[in-house]
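So the sequence lines, in the order shown, correspond to chains F and X. The numbering of the first sequence is my numbering, which starts it at 646 and goes up by one. The numbering of the second sequence is my numbering, which starts it at 646 and goes up by one. Take a look at the structure below.
2 protein chains.
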Amino acid sequence: MATADSIWLRPERAARGPAPGYDRDTLAAAGVTLADAHGLAAVTMRAVADALGAGPASLYRYIATREELVELMVDRAHSEIRHPEPGGDWLEDLLGLAHESRRVTLAHPWLLDATATRTPLGPNTVAYLEGALGALSGLEVPYRAKLEAIAVLSAVVTALTRTEITQARAGRTLPQWQQARAAYLTHVATSGQHPHLAAAFAAQNADDDEPVEHLFDRIVTGVLTGLLHSDAV
Amino acid sequence: MATADSIWLRPERAARGPAPGYDRDTLAAAGVTLADAHGLAAVTMRAVADALGAGPASLYRYIATREELVELMVDRAHSEIRHPEPGGDWLEDLLGLAHESRRVTLAHPWLLDATATRTPLGPNTVAYLEGALGALSGLEVPYRAKLEAIAVLSAVVTALTRTEITQARAGRTLPQWQQARAAYLTHVATSGQHPHLAAAFAAQNADDDEPVEHLFDRIVTGVLTGLLHSDAV
DNA sequence: CTTCAACTGCGATCGATGTTCGCAGTTCTG
DNA sequence: CAGAACTGCGAACATCGATCGCAGTTGAAG
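Below you can see the structure in the form of structure tokens.
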């Protein structure tokens, strides 16, 4: 049954027939729980079915493919993004939205993997987009620039959150491959070539006391003001 | 044989024993050819072995895992990045490097998938980093800000190139899922809710004549100047 | 030159995964 | 009440990454 439609346009329940035992959101919730605990790779069809007490093939009555399950999971996670009412200052509003995005991503690190390649676009993601556009509604700037700014903002927030998660994970478990990478990096830094990198590497471990939120604010603000050349501070 | 070392620190040839029939770069080249033609998913161990005329299990004499093969491929692709000599203006130099990054990514679109989650760090990627730091060497700015700027730049270039590739692909083949997404988007835009999104959607299809390179320059310049608050231009 | 440990290529195979097929049971509709 | 439509799902298939063990080959030590 090749359903070419998007899952968001496909009706959840069939018109006729017995009532389904589960629903999409239940599948998504089970997938989110699994991914939160053991990463996105642990979200296999069989694992989700087991968590639900269902047979491995039952899930295909609700979703057409695993990709769609991930899409449901992403949108469910995005539903946790709070949308505060706009306060008039577009920079502050957008910064608040960026903080929400970061918070949810820290709570569900697998979002980085799920949204790295594809760009799921469910109702809650759409609501996020609408919110961001609403924050910029007072700005006298072409729509294209606003969409660009939002896309760049999203990319930057993702990148920042990714390094934050990576560093936090390295601090706890130091999981082999990170160790191997550090070894290679010090090898590169002390090799004599790459002088700039060596200097940066040495300077990096010196003063690291800036709070993460402050760094986050500084970078996001810089990027946004650079893109929308604001006159406000 | 659990080799915990990075592949870049592991010796390519063994000290004793017969000469290997292939080498790492040959594997990487075969993988790149396959990925260029049919995407990263087509780079399976068996496919690479077939392309080389080798048995499916032979590759594991050169790499420990498929991840390492992808790492080799990424670094080989990054070797195509040209490093022009610095011209004194850091913004121009960094912009040139960004263009090189975009060019190589357009030539090897699978780089987006390969670098989406992981961040391979081979010799050529390190050389790129060194070049970017070198371009900023004249700036009176803490090293941390330079590293941040480079990371953000990389994220932005990736995002821009991804949308560019996606749109180009949609223009040619319009591959089903894009069609489904467009259907959902128009459904959202015409639903009455999401007024800002509807307005943006309507305005987007109006005037689209800005050349891609110009848009690229504009955004990258905006982001960089916003981050490093340049006084130039 | 001999010897042998070390390495190479690789066929066979394992476990896991996403997905399909067909069937029995269930439920809503006309 | 009868049949159509749908559900749950056991079994199976193709494909994937990875492992194991063996025969053949090489290079260095004595």
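Beta carbons: idealized from backbone N, C-alpha and C, even for Gly.
Assignment of residue 824 of chain F by DSSP, reduced to helix, strand and coil, places it in the helix class. Distance from the CA atom of residue 677 of chain F to the CA atom of residue 805 of chain X, rounded to whole angstroms, is 29 Å.
Its chain contains no residue whose beta carbon lies nearer than 7 Å to that of residue 710 of chain F once the 5 sequence neighbours on both sides are disregarded. Burial state of residue 651 of chain F is buried, judged by a 10 Å Cβ sphere holding 16 or more other Cβ atoms. Counting other Cβ atoms within 10 Å of its Cβ, residue 714 of chain X reaches 16 or more and is therefore classed as buried. With 16 or more neighbouring CB atoms inside 10 Å of its own CB, residue 807 of chain F falls in the buried class. Measuring C-alpha to C-alpha distances from residue 681 of chain X to each of X:665, X:691, X:721 identifies X:721 as the nearest. In this structure the segment 745 to 757 of chain F touches the segment 724 to 733 of chain F; the number of beta carbon pairs closer than 8 Å is three or more. The alpha-carbon separation between residue 777 of chain F and residue 705 of chain X amounts to approximately 48 Å. Take the alpha-carbon of residue 796 of chain X and the one of residue 658 of chain F: they are about 45 Å apart. In terms of Cβ geometry, residue 718 of chain X and residue 692 of chain X do not form a close pair [threshold 8 Å]. Under the three-state reduction of DSSP, residue 812 of chain X is assigned to helix.
Under the three-state reduction of DSSP, residue 829 of chain X is assigned to helix.
Between the C-alpha atoms of residue 783 of chain X and residue 771 of chain X there is a straight-line separation of about 20 Å. Comparing C-alpha distances from residue 859 of chain X to each of X:741, X:716, X:683 shows the shortest one belongs to X:741. If you compare the alpha carbons of F:854, F:830, F:761 with that of residue 803 of chain F, the shortest gap goes to F:761.
By the neighbour-count criterion, in which 16 or more other beta carbons inside 10 Å mark a residue as buried, residue 847 of chain F falls on the exposed side. For residue 729 of chain X, the three-state secondary structure derived from DSSP is coil.
In the three-state reduction of the DSSP assignment, residue 667 of chain X falls in the coil class, being assigned neither a helical nor a strand state.
When DSSP assignments are scanned along the segment 685 to 732 of chain F, the uninterrupted stretches of alpha helix (DSSP H) that are 4 or more residues long and fall wholly within it turn out to be 690 to 697, 711 to 723. Separation of the CB atoms of residue 798 of chain X and residue 865 of chain X is rounded to 7 Å, and the pair is thereby assigned contact status at 8 Å. When Cβ-Cβ separations below 8 Å define contact, residue 703 of chain F makes no contact with chain X. For residue 869 of chain X against residue 794 of chain X, the beta-carbon gap comes to about 6 Å, under 8 Å, which counts as contact.
Along the segment 763 to 782 of chain F, the positions whose C-beta sits under 7 Å from a C-beta of chain X are 766, 771, 774, 775, 778, 779, 782, read in chain order.
In this structure, the alpha-carbon of residue 791 of chain F lies about 10 Å from that of residue 779 of chain F. Following the DSSP letters along the chain, one finds residue 749 of chain F inside the alpha helix (DSSP H) bounded by residues 735 to 752. Look at residue 786 of chain X here: in three-state DSSP terms it is coil, with no helix or strand label. Residue state for residue 653 of chain F is assigned as coil, using DSSP reduced to three classes. The DSSP-derived three-state label of residue 836 of chain X is coil.
Neighbours of residue 789 of chain F in chain X, taken as residues whose beta carbon is under 7 Å from its own, are 849 in chain order.
Counting the other Cβ atoms within 10 Å of the Cβ of residue 857 of chain X gives fewer than 16, which makes it exposed.
Ranked by Cα distance from residue 688 of chain X, the first of X:700, X:698, X:699, X:675 is X:675. Under the Cβ distance rule, residue 726 of chain X does not count among the residues neighbouring chain F, no pair being separated by less than 8 Å. Within 10 angstroms of the beta-carbon of residue 765 of chain X lie 16 or more other beta-carbons, which makes it buried. Each of X:786, X:716, X:768, X:785 was checked against the Cα of residue 755 of chain X, and the nearest Cα belongs to X:716.
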